[in-house]
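Data first, discussion second: the structure below is written as structure tokens.
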Amino acid sequence: MALQNATPPLQLARRTTISSLLRAARDVLIELNLVFGLRVFSATRARDRAVLGETITRWIADHPEYEMIDKIVLQSSDAEFHCLSIVVFFQTRRDPQEPA
Numbered sequence: 504m505a506l507q508n509a510t511p512p513l514q515l516a517r518r519t520t521i522s523s524l525l526r527a528a529r530d531v532l533i534e535l536n537l538v539f540g541l542r543v544f545s546a547t548r549a550r551d552r553a554v555l556g557e558t559i560t561r562w563i564a565d566h567p568e569y570e571m572i573d574k575i576v577l578q579s580s581d582a583e584f585h586c587l588s589i590v591v592f593f594q595t596r597r598d599p600q601e602p603a
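Per the working numbering, the very first residue in the sequence shown carries number 504; after that it's consecutive.
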């Protein structure tokens, strides 16, 4: 019996590869003491994708204690959906009052 709504193997492989790459990047950055954390912003609906930049900007403004040190932009799509993901890597500022 086939599973309904099962993830196609190619999509699963892509997700696993992207996920593995992000984990590897994170591990290297943490090992070098360059990153405190990461935040993933993702949107699939057109109206959500249109305001994703504002969402990220608001999050950054709400967290002055973090210094953004890198980002990865990912786009994936299939016949029905288009997904935009932005992964932001950050570290804790030494002085939270320090400007960006």
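The C-beta atom is built at its ideal place from N, Cα and C for all residues, glycine as well.
Mapping the DSSP letters down to three states, classify residue i as helix, strand or coil.
i    : result
V618 : As displayed, the chain neither begins before 504 nor continues past 603, which places residue 618 out of reach and without an answer.
T595 : strand
G552 : The sequence given here places Arg at residue 552; Gly does not occur at that position. R552 falls in the helix class under three-state DSSP.
D565 : helix
Would you mind sorting residue i into buried or exposed? The rule is 16 or more other CB atoms within 10 Å of its CB.
i    : result
F584 : exposed
Between the options, which lies nearest to residue i when the distance is taken from Cα to Cα?
i    : options             : result
L541 : D565, M571 and R548 : M571
L577 : Y569, V543 and V554 : V543
I559 : I589, Y569 and F539 : I589
K574 : F592, C586 and L525 : F592
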